[in-house]
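>
Residue numbers (UniProt numbering): 1 to 87.
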(Lines of atoms letter the chains of each structure in order from A and count residues from 1; the text may use other names and numbers.)
(Lines give C-alpha, C1' and ligand atoms only; values in the text may rest on other atoms or scores of the structure.)
Protein backbone atom coordinates (compact mmCIF):
# COMPACT_ATOMS: atom_id res chain seq x y z
CA UNK A 1 0.00 0.00 0.00
CA UNK A 2 1.37 3.38 -0.92
CA UNK A 3 -0.33 5.39 1.84
CA UNK A 4 0.64 4.63 5.41
CA UNK A 5 0.21 6.55 8.63
CA UNK A 6 1.80 6.98 12.02
CA UNK A 7 -0.14 8.48 14.90
CA UNK A 8 -3.43 8.04 16.63
CA UNK A 9 -6.62 10.08 16.50
CA UNK A 10 -7.65 12.36 17.93
CA UNK A 11 -4.36 14.15 17.46
CA UNK A 12 -1.50 14.54 14.98
CA UNK A 13 -1.10 11.91 12.27
CA UNK A 14 1.85 11.68 9.88
CA UNK A 15 1.07 10.45 6.37
CA UNK A 16 3.60 8.74 4.10
CA UNK A 17 2.57 8.70 0.44
CA UNK A 18 4.49 6.99 -2.38
CA UNK A 19 3.71 6.98 -6.11
CA UNK A 20 2.54 3.59 -7.41
CA UNK A 21 3.50 4.31 -11.03
CA UNK A 22 5.97 1.66 -12.20
CA UNK A 23 9.53 2.84 -11.63
CA UNK A 24 8.59 6.12 -9.94
CA UNK A 25 10.34 6.86 -6.65
CA UNK A 26 8.42 10.05 -5.82
CA UNK A 27 7.15 10.23 -2.26
CA UNK A 28 5.92 12.84 0.19
CA UNK A 29 5.20 13.14 3.89
CA UNK A 30 2.72 15.46 5.57
CA UNK A 31 1.12 15.91 8.97
CA UNK A 32 -2.53 16.57 9.79
CA UNK A 33 -4.24 17.04 13.12
CA UNK A 34 -7.37 14.91 13.07
CA UNK A 35 -9.71 15.96 15.89
CA UNK A 36 -12.28 13.20 15.31
CA UNK A 37 -11.35 9.77 16.70
CA UNK A 38 -13.47 8.00 14.09
CA UNK A 39 -15.41 4.79 14.68
CA UNK A 40 -14.13 2.15 17.06
CA UNK A 41 -12.62 -1.03 15.69
CA UNK A 42 -15.42 -3.05 17.32
CA UNK A 43 -18.24 -0.93 15.85
CA UNK A 44 -16.90 -0.51 12.30
CA UNK A 45 -13.62 -2.19 11.35
CA UNK A 46 -13.42 -0.75 7.81
CA UNK A 47 -14.44 2.71 8.98
CA UNK A 48 -11.78 2.51 11.68
CA UNK A 49 -9.09 1.47 9.19
CA UNK A 50 -10.02 4.05 6.55
CA UNK A 51 -10.75 7.02 8.83
CA UNK A 52 -7.29 8.60 8.34
CA UNK A 53 -7.46 8.20 4.57
CA UNK A 54 -10.93 9.74 4.23
CA UNK A 55 -9.83 12.69 6.34
CA UNK A 56 -6.64 13.23 4.31
CA UNK A 57 -8.20 12.85 0.84
CA UNK A 58 -8.84 16.60 0.26
CA UNK A 59 -5.24 17.43 1.25
CA UNK A 60 -3.85 14.68 -0.99
CA UNK A 61 -5.81 16.15 -3.92
CA UNK A 62 -4.51 19.66 -3.09
CA UNK A 63 -0.97 18.29 -3.38
CA UNK A 64 -1.80 17.16 -6.94
CA UNK A 65 -1.90 13.43 -6.19
CA UNK A 66 -4.74 11.15 -7.23
CA UNK A 67 -5.99 7.66 -6.49
CA UNK A 68 -7.19 5.25 -9.17
CA UNK A 69 -8.85 2.06 -7.94
CA UNK A 70 -6.70 -0.91 -8.90
CA UNK A 71 -3.63 1.24 -9.64
CA UNK A 72 -3.12 3.12 -6.38
CA UNK A 73 -1.77 6.62 -5.83
CA UNK A 74 -0.01 8.61 -8.53
CA UNK A 75 2.10 11.73 -8.13
CA UNK A 76 1.43 14.89 -10.18
CA UNK A 77 4.01 13.78 -12.79
CA UNK A 78 2.14 10.55 -13.58
CA UNK A 79 -1.47 11.72 -13.60
CA UNK A 80 -3.77 9.73 -15.86
CA UNK A 81 -6.08 11.94 -17.94
CA UNK A 82 -9.77 11.63 -17.10
CA UNK A 83 -11.80 9.49 -19.47
CA UNK A 84 -14.43 11.33 -21.50
CA UNK A 85 -18.00 10.90 -20.28
CA UNK A 86 -20.34 8.59 -22.20
CA UNK A 87 -23.01 11.29 -22.62
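The beta-carbon is built from N, C-alpha and C at its ideal position, and this holds for glycine as well.
Where does the unbroken alpha helix (DSSP H) through residue 52 begin, and where does it stop?
45-62
> Near residue 37, what residues of its chain come up, given a Cβ to Cβ distance below 7 Å and the 5 sequence neighbours on each side ignored?
9 and 10
> In chain order, what residues of the same chain have a beta carbon less than 6 Å from the beta carbon of residue 30, not counting five sequence neighbours either side?
For residue 30, where only same-chain residues beyond five positions count, the Cβ hits under 6 Å are 15.
> For residue 9, does the three-state DSSP call read helix, strand or coil?
In this structure, residue 9 counts as coil in the three-state DSSP scheme.
> Helix, strand or coil: how does DSSP classify residue 22 here?
When secondary structure is reduced to three states using DSSP, residue 22 falls in the coil class, being assigned neither helix nor strand.
> When you compare only the Cα positions, how much space is there between residue 70 and residue 35?
30 Å
> So what does residue 14 bridge to, in DSSP terms?
6 and 31
> Give me, in chain order, the residues of the same chain whose beta-carbon lies closer than 8 Å to that of residue 20; leave out the 5 immediate sequence neighbours on both sides.
Contacts found: 2, 71, 72, 73 and 74.
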